[in-house]
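Working notes, beginning with the structure itself.
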Amino acid sequence: MSSWIKVEDLYKIYRMGDTAIHALDGVDLNIDQGEMVCLLGPSGSGKSTLLNLLAGLERPDRGSIEIGGIRIDKLKEADVTRFRSLNVGFVFQSYNLINTLDALENVTLGLTFKGYRSTEREKLAKEILEHVGLGDRLHHKPNQLSGGQQQRVSIARAFAGNPKIIFADEPTGNLDTHTSLEVMDLITQMIRDKNQTLIMVTHDEEMTTNADRLLHMRDGKIERSHTRAAPHPVATV
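For the sequence shown, the positions run 1 to 237 when this note's numbering is used.
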């Protein structure tokens, strides 16, 4: 079975004066649709750089990234942006909510970029906020919500419109342990329900309990891989 995400010989090099820093140093990686993959490693290991390149937020210096048969590293910037809007959702450590908008507006704004009509946006946003347990917080702004509730809004925004891939960068980094476990259970449930792919950066192995595969990174390379489950069915973009 052909992998849905294929990464070959990926390099990302940053320069500081005359010094070249290999953030990624020849990474090869295959991911199947429906997999939950966690990237672990110390600071500077390359895990966030790899996530950013897979999401099309940065360009590699060498190598290829193919998702669903599309070479995203070869796309023009406008086409990468369109690809992300149709296929990708993001969950960030710092939530990245707009403080002047309430929960419903934060989620509907994300759907705007996906091309949904206004009446459909509000309906879908309300449904997914209810699904994540915030049906009674639709019109609360971020400063009226707890950290866990803000992250649930962020999750609702990421999953709205059923993207095929969810990228999560330390999604529980600002939460206490109890809330972190609740958030990870919610993400896992939603990923499994829709056979979506999760690629998550974390420093906390306790948050990887439900992952199919753990990739331990060091010095820009995948040092070792630990697989927990069989591959999932392949989807098309």
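Cβ atoms here follow ideal geometry from the backbone N, Cα and C, with glycine treated the same way.
Report yes or no: do the region 200 to 220 and the region 121 to 140 share at least 3 C-beta pairs separated by less than 8 Å?
no
Counterpart residues of Y95 in DSSP-defined beta bridges:
In DSSP, Y95 forms no bridge with anything.
So the alpha helix (DSSP H) L51 belongs to, where does it begin and stop?
K47 to L54
Pull up the CB-CB distance for V132 and L186, whole angstroms please, since I reckon it's below 8 Å.
6 Å
Under 8 Å: do the region 30 to 42 and the region 209 to 224 share three or more Cβ pairs, one atom per stretch?
yes
L86 and K47 - do their beta-carbons sit closer together than 8 Å?
no
Alpha-carbon spacing of K194 relative to G17, whole angstroms
46 Å
Can you tell me where the alpha helix (DSSP H) holding N26 begins and where it ends?
According to the sequence provided, residue 26 is Gly. The question's Asn does not apply to it. Segment T19 to I31 is the beta strand (DSSP E) holding G26; no alpha helix (DSSP H) there.
List the endpoints of the continuous alpha helix (DSSP H) containing R62.
Taken as a continuous stretch (DSSP letters only), R62 belongs to no alpha helix (DSSP H), being part of the beta strand (DSSP E) at R62 to I67.
Beta carbon of G148, beta carbon of T179: below 8 Å?
yes
With 16 other Cβ atoms within 10 Å as the buried cut-off, status of L119:
In the sequence on display, residue 119 carries Thr and not Leu. T119 is exposed by the Cβ-count criterion.
Give, in chain order, every unbroken run of the alpha helix (DSSP H) that is at least 4 residues long and sits entirely within the region 148 to 193.
none
Coarse secondary structure for I227, derived from DSSP in three states
Here residue 227 turns out to be Thr, not Ile, going by the sequence shown. Three-state result, T227: strand.
Alpha carbon to alpha carbon, what distance is there between G44 and R59?
18 Å
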